[in-house]
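Worksheet for the structure shown next.
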Amino acid sequence: MEPPGPVHGEAEPFSKALRSLVNNRLYSDVRFVVGQERQEVFAHRCLLACRCNFFQRLLGPEPGPGVPGPVVLSTVPAEAFLAVLEFLYTNSVKLHRHSVLEVLTAAVEYGLEDLRELCLEFAVKVLDVELVCEALQVAVTFGLGPLQERCIAFIEAHSQEALRTRGFLELSAPALLLLLRSDKLCVDEADLVLAARSWARVGAAVLDRPVVEVAAPVVRELRLALLAPAELSALEEQNRREPLIPEKDDELEWKRRP
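Here the sequence shown is numbered in our numbering, starting from 10 and rising by one per residue.
Structure below.
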């Protein structure tokens, strides 16, 4: 005689029923205002609390008296938040190339390890020139080593294209340093100097600081000794017009760098 145990019904109807409750006002008892667009999203406290410690702490043990106000989550885009809810309700999620990094960011911030792994797996599959620098920045920000390694390897193989993307210009200094320290970038050093200058210009405009100040953390990783004499002369001339290399680093010091 078999010992008593659980008997499982079909998972798909159950998952479909729960999916129908995602952002459904019916029986909802918590309301979020999400993202810069301030989109209203409806959810169910008990489900969020039992699936995610972040929401358990955020929502508390029970709602207060009266009609509760909305929970404002302004930093997470609405599309990413809805993907998080879909995962919490159904343990599955439909990911998209254009938003996977935002979902990954939310998964890390909310402590959803299973969702994080799904996002990492998907991001690696859809990695391309336009996405790779943005993915590298997320990897550096949250210490996602395997994704960081995949991104650097991809950029090493597609250096020229990656350096021309908006994502490259928006890298943080620590992320850019990882690239500049690579010995496998398929790009001339002169082009790398130009890319670093473009990166510093964007940072200078955003931070309202001089280009040379923004570039300071990364400029010493430029291997100026690899420049041809004509390239070095051109750099010196441009450096006089728009300083990138600190003045104390004279030409002989540049040439001595490995």
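Ideal placement from N, C-alpha and C gives every residue a C-beta, glycine not left out.
Just so we're clear, the structure is a prediction, and the values are computed from it rather than from any experiment.
Does the beta-carbon of His53 have 16 or more other beta-carbons within 10 angstroms, so that it is buried, or is it exposed?
Taking all protein chains in view, the Cβ of His53 is crowded by 16 or more other Cβ atoms within 10 Å, so the residue is classified as buried.
Less than 9 Å between the C-beta atoms of Ala205 and Leu236, yes or no?
Judged by their CB atoms, Ala205 and Leu236 are not nearer to each other than the 9 Å cut-off.
When the distance is taken between beta carbons, is Pro70 closer than 9 Å to Asp38?
It is not a contact, given that the beta carbons lie outside the stated cut-off.
Spatial neighbours of Val109 in its chain, beta-carbon cut-off 8 Å, leaving aside the 5 residues before and after
Around Val109, the same chain offers Cys128, Phe131, Ala132, Val135 as residues with beta carbons nearer than 8 Å, after the five sequence neighbours per side are excluded.
Using 8 Å as the Cβ pair cut-off and three pairs as the minimum, do the region 41-49 and the region 81-88 touch?
Using a C-beta cut-off of 8 Å, the region 41-49 makes contact with the region 81-88, since at least three inter-stretch Cβ pairs fall below that distance.
If you follow the alpha helix (DSSP H) that Leu97 is in, where does it begin and where does it stop?
For Leu97, the enclosing alpha helix (DSSP H) stretches over residues 87-99.
Could you check if Phe23 is buried or exposed, using at least 16 other CB atoms within 10 Å of its CB as the buried criterion?
It is exposed - the Cβ of Phe23 has fewer than 16 other Cβ atoms within 10 Å.
For Gly120, which of Asp197, Gln65, Val141 has the nearest alpha-carbon?
Of Asp197, Gln65, Val141, the residue nearest in Cα terms is Gln65.
Check whether the region 240-247 touches the region 219-230, taking contact to mean three or more Cβ pairs, one atom from each stretch, closer than 8 Å.
Segments in contact, no.
Between the alpha carbons of Ala234 and Ser168, how many angstroms are there, rounded?
The straight-line gap from Cα to Cα measures roughly 20 Å.
For Ala234, which three-state DSSP category applies?
Residue state, collapsed to three classes: helix.
Is the CB-CB distance between Ala166 and Leu156 below 9 Å?
Taking 9 Å as the cut-off, the Cβ atoms of Ala166 and Leu156 do not count as close.
Taking the alpha-carbon positions, what's the Arg249 to Leu187 distance?
One C-alpha to the other measures close to 28 Å.
Between which two residues does the beta strand (DSSP E) carrying Glu19 extend?
Unbroken run through Glu19: none, as it is neither H nor E.
Counting only the same chain and skipping the five closest in sequence on each side, list residues whose C-beta sits under 8 Å from that of Arg28.
Only Glu95, Tyr98, Thr99 meet the Cβ criterion.
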